[in-house]
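What follows is a set of notes on a single structure, which appears directly below.
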Amino acid sequence: MDHFARLGLPAALDLEPAALDRAYFALQRQWHPDRFVTKPASERARASLEAAALNDAYRTLKDPLSRAVYLAELRGVVLPGDGKTIDDPDLLMEAIEAREELHEAGTAQAVEALAARARAVMAKSLGDLGGLLLQDDKPAIRKALLRLRYLDKFAEEARARRTNLERAKA
Amino acid sequence: MTLLEIHEPGETPLPHAGEGSLAVGIDLGTTNSVVAIARDGKPAALHDEAGRAMVPSVVAYPSAGGVLVGDAARLLMAEQPRAVVASVKRLMGRGAADLQAVAGVLPYEIEPGSGETDMVKLRVGGKARSPVEISAEILKTLRRRAEDALEKAVERAVITVPAYFDDAARTATRDAARVAGLEVLRLVNEPTAAALAYGLDKGAEGLYAVYDLGGGTFDFSLLRLEKGVFQVLATGGDAALGGDDFDRAIAERLLAERKKDGLVDRLDEAAVKTALALARQMKEQLSERDQTSGRLEIAGVPSFHALTRPEFETMIGHHVARTLDIARHVLADAAMAAPDVQGVVLVGGSTRVPLVRAEVARLIGKPPLTDIDPDEVVALGAALQAEALTGGSDTLLLDVTPLSLGLETMGGIVEKVVPRNTPIPVQLAQDFTTYQDGQTAMAIHVVQGEREMVADCRSLARFELSGIPPMTAGAARIRVSFAVDADGLLTVSAEERTTGTAQRIEVKPSYGLSHEDMADMLYDSLENAEADMTQRLLTEARVEGRRNLLALDAALTKDGALLDAAERAALDAGRTRLETAIAGDDREEINAAAEALESLSKPFAERRMDRGIREALAGLSVKELESRVGE
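Top to bottom, those sequences are chains A and B. Sequential numbering of the first sequence, starting at 14, is according to our numbering. Sequential numbering of the second sequence, starting at 2, is according to our numbering.
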């Protein structure tokens with residue numbers, strides 16, 4: 014059973030967070046191990062597995078990027094493992110330039126500006142992804158997801174750098 | 002699938018019918034413990050004859066025989082110090098290596114030889130005793146108090162643990178309950194229990210924070226409360242930060258003032274303890290008024306001291322600032338901002354300090370909630386959960402893992418399998434592969450912590466998966482699965498998937514780290530994230546480079562004859578360049594050398610393919626082949 018089906022939701026990129034929560038809470042009310050404390054061991058084991066699967070589904074679908082990656086994989090788009098070398102020359106150039114900019118940003122504000130830019134680009138690319146999925150353009154989906162994954166990492170690195178700069182100042 | 006049991010979840014005794022017996026909530030604290038019961042959704046702490054809810058977490062084994070717990074044990078401390086143990090919670094699940102951190106602080110006498118591969122034992126009252134059996138005495142006392150108050154048998158309990166408590170400490174807590182004849186219905190995190198008390202008893206809804214500052218520990222959690230659902234979004238803390246630090250700051254000032262007045266003190270343990278006791282008294286008084294004074298007598302020489310609240314606040318300002326720093330990080334982890342928080346619940350005696358209250362109010366922008374006694378709120382929440390678990394209820398408590406769980410991979414890098422703040426129960430797996438041709442065993446090292454490098458994380462278990470059928474490097478598929486149950490306990494399993502051969506694996510849980518270290522690790526990871534990233538990238542480049550060399554060597558051994566002398570020399574030179582680069586610290590050079598070698602080896606790869614070794618190379622260059630089989 015895929016994560017969408019498990020939560021009884023349509024397999025779509027756009028997912029109302031409240032709808033996801035509602036479905037998840039309702040099913041956890043049924044399967045959470047707390048409901049089975051006084052039940053026999055076999056039933057408790059089953060509940061634990063169901064609850065773990067629900068948590069996995071919820072966690073995967075809650076974050077828009079991980080949801081997009083999961084959906085693309087369901088559609089047969091194969092992505093390289095996380096942390097593998099970037100094989101898209103355009104993205105490689107973009108990454109090198111952005112890294113240099115991040116390296117040169119000497120203030121928390123400058124770093125935050127770069128992070129904000131990355132987040133804005135991410136939001137737009139996620140929006141565009143809907144169309145690509147509709148056209149089932151696998152190479153374009155793959156390219157877009159790799160870029161999104163890179164941008165997400167960049168935003169994370171920017172956050173670490175900003176924390177460091179703020180700490181150094183304090 | 003072979004299950005490697007660090008813990009044995011099935012070992013919990015089956016809940017027996019339990020009719021007539023009641024389920025209580027227990028806050029088993031470092032300094033004090035409390036037992037409470039909930040009936041029809043109304044929780045109440047159980048008191049002794051004198052009307053006190055708190056039982057000091059002190060255990061004594063007097064020379065006359067028997068066991069004393071609580072105030073009676075504390076009174077014996079001066080008379081028979083070697084027969085009394087306090088703050089045993091700090092040792093739950095700890096090994097010998099952990100003790101350095103607490104050695105100077107606590108008067109423990111460690112049983113020689115214990116703690117090497119197991120939990121450390123204490124020598125108390127002339128006998129070796131484990132922290133589990135000492136904690137069990139506290140639990141027995143609480144159980145008796147409950148049975149006396151309720152006039153019924155009490156056999157089941159929800160026990161609370163700090164959110165950052167690791168696997169070994171959680172297991173030790175369960176074991177202590179078992180020794181005390183209590184079946185643990187669930188281990189609940191302390192901040193979560195506090196939120197439960199507010200949510201269920203006071204009907205709070207929305208996004209809530211719990212700020213828990215105890216004697217020696219700090220926890221901050223963020224929860225969403227809505228229609229009976231308690232969803233923990235993120236949690237964080239520091240186990241070496243608490244009211245004890247405030248006492249120390251005052252004590253240091255008192256001693257410095259004596260020195261300035263020309264008094265020469267020999268600062269032995271007794272002198273420091275006397276100064277700390279006065280410091281604590283002055284701290285508590287400053288929660289009630291603006292200034293205080295006290296008389297300190299060391300070795301018969303008295304001195305008089307005064308302290309104002311603003312002076313005290315200047316002394317502890319940096320400690321309070323640090324708690325706020327952690328709180329901000331927890332907010333960021335949950336992608337929330339302070340104004341989103343509907344209310345902040347205060348837990349722990351140290352939240353009585355006015356500066357703490359004021360600063361928390363300033364951070365969140367609202368006055369903190371204190372209508373439930375901060376000393377009792379955790380036990381009350383545990384009691385409510387005990388009733389919910391046994392009586393059936395619509396309450397749903399969704400908690401998370403406080404620290405990331407992962408495995409050591411090549412080069413000492415941590416591969417996170419279960420990130421922190423993942424909802425539990427959880428079951429996640431990751432595939433790994435062999436690194437060398439013909440490799441038949443794989444060392445698996447389970448670690449807990451936020452840092453990128455194994456050396457900076459806590460080691461939970463090491464074992465070896467053996468009997469892997471000999472294959473080419475990267476062909477084996479080893480799946481390691483992590484399961485964390487609703488009590489936060491971990492089970493790790495591993496199997497080789499190409500053959501499905503089940504392997505018997507032995508696990509030795511290691512108790513190699515103190516709570517302090519754990520909190521430090523978490524905090525360090527925030528400070529060192531950037532340096533870690535650089536180190537990780539360098540190590541990854543090295544590992545990838547070494548893989549390329551191994552793959553090239555294997556190909557050369559097999560099909561070296563395909564190359565003429567000039568080609569071979571060029572390839573060897575490229576190989577040497579990469580080897581030299583790997584020995585250095587320049588990531589760019591490693592990547593450049595690897596790329597150069599890759600293009601040098603392309604014709605060779607094509608020729609091997611031409612010779613019909615399609616399966617071996619499948620049209621990929623050495624590097625591409627490696628990255629594909631390495632996935």
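Using N, Cα and C, we set each Cβ at its ideal position, and we do this for glycine too.
Check: I154 of chain A to D141 of chain A span [Cα, whole Å]; Outcome: 10 angstroms
Check: V230 of chain B vs T142 of chain B beta-carbon contact at 7 angstroms; Outcome: no
Check: L147 of chain A - containing alpha helix (DSSP H), residue span; Outcome: 121-148
Check: Within-7 angstroms CB hit, P77 of chain A to chain B; Outcome: no
Check: Rounded C-alpha distance that separates G119 of chain A from L538 of chain B; Outcome: 22 angstroms
Check: Cβ of R35 of chain A within 7 angstroms of any chain D Cβ; Outcome: Among the protein chains of the structure shown, namely A and B, there is no chain D.
Check: Residues bridged to K417 of chain B (per DSSP); Outcome: B:G407
Check: Within-7 angstroms CB hit, P718 of chain B to chain A; Outcome: Residue 718 of chain B is absent from the structure shown; chain B starts at 2 and stops at 632.
Check: Partner residues on chain A for T391 of chain B, Cβ-Cβ distance less than 8 angstroms; Outcome: V50, T51
Check: Proximal residues to K122 of chain B (C-beta, below 6 angstroms), its chain only, five neighbours per side dropped; Outcome: E112, S115, A129, S131
Check: Proximal chain B residues relative to D165 of chain A, where beta-carbon distance stays under 8 angstroms; Outcome: The premise fails here: D165 of chain A is roughly 13 angstroms from chain B at the closest Cβ pair, so nothing lies under 8 angstroms.
Check: C-beta neighbour in chain A for L408 of chain B, strict 7 angstroms; Outcome: no
Check: At least 3 beta-carbon pairs within less than 8 angstroms: the region 361-378 of chain B vs the region 412-421 of chain B; Outcome: no
Check: Segment contact, 8 angstroms Cβ cut-off, at least three pairs: the region 397-405 of chain B with the region 45-52 of chain A; Outcome: yes
Check: Cα-Cα separation between G393 of chain B and I27 of chain B, rounded to whole angstroms; Outcome: 19 angstroms
Check: Nearest-angstrom Cα separation, counted from Q122 of chain A out to Y199 of chain B; Outcome: 39 angstroms
Check: CB contact below 7 angstroms: Q428 of chain B versus chain A; Outcome: yes
Check: Cα-Cα separation, L546 of chain B to S600 of chain B; Outcome: What sits at residue 546 of chain B in the sequence shown is Gly, not Leu. Distance between the alpha carbons of G546 of chain B and S600 of chain B: 14 angstroms.
Check: CA-to-CA distance, L564 of chain B to A606 of chain B, given in whole angstroms; Outcome: 11 angstroms
Check: Segments assigned alpha helix (DSSP H), at least 4 residues, entirely inside the region 164-214 of chain B; Outcome: 168-180, 191-197
Check: Proximal residues to R171 of chain B (C-beta, below 8 angstroms), its chain only, five neighbours per side dropped; Outcome: G94, V162, L188, D488, G489, L490
Check: CB of R175 of chain B within 7 angstroms of CB of V159 of chain B, strictly; Outcome: no
Check: Short Cβ contact (7 angstroms threshold) for G238 of chain B with S351 of chain B; Outcome: no
Check: Simplified DSSP state of Y45 of chain A, which is helix, strand or coil; Outcome: Note on residue identity: the sequence assigns His, not Tyr, to residue 45 of chain A. Residue state, collapsed to three classes: coil.
Check: Interface residues of the region 468-495 of chain B facing chain A [CB-CB below 8 angstroms]; Outcome: A484, D486, A487
Check: Minimum length 4: unbroken alpha helix (DSSP H) runs contained in the region 267-331 of chain B; Outcome: 270-287
Check: Sub-7 angstroms separation of A250 of chain B and M316 of chain B beta-carbons; Outcome: yes
Check: Residues near D151 of chain B in its chain [Cβ-Cβ closer than 7 angstroms; skip 5 each side]; Outcome: The residue asked about is misnamed: residue 151 of chain B is Leu in this sequence, not Asp. Here the set comprises L23, I38.
Check: Between the CA atoms of N190 of chain B and L385 of chain B - distance to the nearest angstrom; Outcome: 13 angstroms
Check: Residue-chain proximity (P102 of chain A, chain B), Cβ-Cβ < 7 angstroms; Outcome: no
Check: Segments assigned beta strand (DSSP E), at least 3 residues, entirely inside the region 421-454 of chain B; Outcome: 427-433, 443-449
Check: Cβ of D47 of chain A within 7 angstroms of any chain B Cβ; Outcome: yes
Check: CB contact flag (G369 of chain B, V342 of chain B, <7 angstroms); Outcome: In the sequence on display, residue 369 of chain B carries Pro and not Gly. Cβ distance not < 7 angstroms, so P369 of chain B and V342 of chain B don't count as in contact.
Check: Per-residue burial, I139 of chain B [other beta carbons within 10 Å of its own, 16 or more giving buried]; Outcome: buried
Check: Interface flag, Q41 of chain A vs chain B, CB-CB below 7 angstroms; Outcome: yes
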